[in-house]
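J.: There's a structure below that I have some questions on.
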Amino acid sequence: MKKYLPLFLVFTVFNIFGYAQSLQLFTIENGTNVTNTTYTHQGTVAEDEIIVGLHVKNNSSSSMSVKVRRINQSIVPGTQNALCWGLCYSPLVNLSPTAITIDAGATNTVDFAGHYLPYALVGVSTVMYSFFDATNPNDSVWIIVQYDVTNTGVQNLSSNTNYISGAYPSPANNFVSFNFCTKGNLKGHIAIHNILGELIKKVDIFSSGSVKFNTSELKQGAYVVTFVVDDKIIKTSRFLVAH
Numbered sequence: 001m002k003k004y005l006p007l008f009l010v011f012t013v014f015n016i017f018g019y020a021q022s023l024q025l026f027t028i029e030n031g032t033n034v035t036n037t038t039y040t041h042q043g044t045v046a047e048d049e050i051i052v053g054l055h056v057k058n059n060s061s062s063s064m065s066v067k068v069r070r071i072n073q074s075i076v077p078g079t080q081n082a083l084c085w086g087l088c089y090s091p092l093v094n095l096s097p098t099a100i101t102i103d104a105g106a107t108n109t110v111d112f113a114g115h116y117l118p119y120a121l122v123g124v125s126t127v128m129y130s131f132f133d134a135t136n137p138n139d140s141v142w143i144i145v146q147y148d149v150t151n152t153g154v155q156n157l158s159s160n161t162n163y164i165s166g167a168y169p170s171p172a173n174n175f176v177s178f179n180f181c182t183k184g185n186l187k188g189h190i191a192i193h194n195i196l197g198e199l200i201k202k203v204d205i206f207s208s209g210s211v212k213f214n215t216s217e218l219k220q221g222a223y224v225v226t227f228v229v230d231d232k233i234i235k236t237s238r239f240l241v242a243h
């Protein structure tokens, strides 16, 4: 007489072995296991770029070729984010083109990073990253990262630091903006030059705040921004105009 396993036990065995997860995700800062969880990373508008790195461990008994997929769940308008897996890709890329091999029992500590560009915009952007076996996509894990950006940074910086944000939006179409603050409330200016060094626009600044330049009449291409405080050049950067 044949004996059969109870149906519920069959399903239990299938769930355990059919959906086993070979990978685990850990934070770089303190090694917290964040596999299949939501992780909030705090940032401020004083940061040009916010980066979240992860350690990726292969718990299986064989090497694994791992790819990463990005899913933008809720994004603050005007911001951008990009995926790095070995190489850093355009914000338009959602799936790493190539897989990275992680040996059995080994941990990859250098190849993953999520890059978030707030462009001085306050708000929470939510991005999911899925890590999976390139030969068996069902063997996967995920993390949801909430990039939580506040304006606290500018308020704290305003009295003791010379600071200018990156250009936003970027590339610019009809306008481009910058947030700034000057150490000790000194006077200064922000100037825009073309690549030939010709002055296009200039505005005097004081203390802290934001400036907005009309770029609708500018030709497409690269422009140079110069941030000057107390007659000293603090920072020079570039931004693009695209119509």
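Numbering of the sequence shown is given in this note's numbering, commencing with residue 1 and proceeding in unit increments.
Note that CB positions come from ideal geometry on N, CA and C, so glycine has one too.
Note that this is a predicted model, so its numbers are computed, not measured.
Using 8 Å for Cβ pairs, my map puts isoleucine 190 next to isoleucine 200. What's the rounded Cβ distance?
T.: About 12 Å; that fails the 8 Å criterion.
J.: Using CA atoms only, rank isn't needed, just tell me which of Asn214, Gln80, Thr226, Arg69 is closest to valine 241.
T.: Of the listed residues, the one whose Cα sits closest to valine 241 is Asn214.
J.: For the beta strand (DSSP E) that proline 137 lies in, which residues bound it at each end?
T.: Unbroken beta strand (DSSP E) run through proline 137: 136-150.
J.: Nearest by alpha-carbon distance to glycine 105: which of Val229, Leu23, Ser216 is it?
T.: Ranking the options by Cα distance to glycine 105, first place goes to Leu23.
J.: Mapping DSSP to helix, strand and coil, what is lysine 219?
T.: Coil.
J.: Could you check the C-alpha separation between arginine 238 and serine 90 for me, to the nearest Å?
T.: Taking the straight line joining both Cα atoms gives about 18 Å.
J.: According to DSSP, is asparagine 36 part of a helix, a strand, or is it coil?
T.: It is coil, neither helix nor strand.
J.: Identify the residues that DSSP records as bridge partners of serine 210: which are they?
T.: Answer is Asn179, bridged to serine 210.
J.: Please tell me whether threonine 79 and serine 125 are closer than 8 Å, where the distance is taken between their beta carbons.
T.: Against a cut-off of 8 Å, the Cβ pair of serine 125 and threonine 79 comes out as a contact.
J.: First and last residue of the beta strand (DSSP E) that includes glycine 53?
T.: 50-58 is the extent of the beta strand (DSSP E) around glycine 53.
J.: Output the distance between the C-alpha atoms of isoleucine 75 and glycine 123, rounded to the nearest integer angstrom.
T.: Roughly 9 Å between the two C-alpha positions.
J.: Using the rule of at least 16 other Cβ atoms within 10 Å of the residue's Cβ for burial, across every protein chain shown, is leucine 95 buried or exposed?
T.: Its Cβ having fewer than 16 others within 10 Å, leucine 95 is exposed.
J.: Excluding five sequence neighbours on each side, which residues of the same chain lie with their C-beta closer than 8 Å to the C-beta of isoleucine 28?
T.: So the qualifying residues of the chain are Gly53, Leu54, His55, Thr109.
J.: From the DSSP output, in three-state form, read off asparagine 194 for me.
T.: Note: asparagine 194 maps to strand in three-state DSSP.
J.: Return the CA-CA distance between leucine 7 and alanine 46, expressed in angstroms with no decimal places.
T.: Residue placement at leucine 7 cannot be trusted, given a pLDDT of 43 that sits under 50; what the coordinates show is reported in the next sentence. Straight-line Cα distance between these residues: approximately 58 Å.
J.: Have a look at threonine 44 and proline 118 and give me their C-alpha separation to the nearest angstrom.
T.: The straight-line gap from Cα to Cα measures roughly 8 Å.
J.: Just confirm the distance between the C-beta atoms of valine 149 and glycine 114, as a whole number of angstroms; I'd bet it's less than 8 Å.
T.: Contact doesn't hold; Cβ gap of about 14 Å is too wide.
J.: Is serine 165 buried or exposed, if buried means 16 or more other CB atoms sit within 10 Å of its CB?
T.: Under this definition serine 165 is a buried residue.
J.: Please determine, among Lys183, Gly221, Leu186, Ser207, the residue with the shortest C-alpha to C-alpha distance to isoleucine 192.
T.: It is Gly221.
J.: Measuring only the C-alpha atoms, how far is threonine 38 from lysine 219?
T.: In a straight line, the C-alpha of threonine 38 is about 43 Å away from that of lysine 219.
J.: Please report the straight-line C-alpha distance between tyrosine 223 and cysteine 88, rounded to a whole angstrom.
T.: Near 24 Å, if we compare the C-alpha coordinates of cysteine 88 and tyrosine 223.
J.: How many whole angstroms separate the CB atoms of serine 65 and aspartate 133, which I take to be in contact at a CB cut-off of 8 Å?
T.: With a Cβ gap of about 7 Å, serine 65 and aspartate 133 count as contacting.
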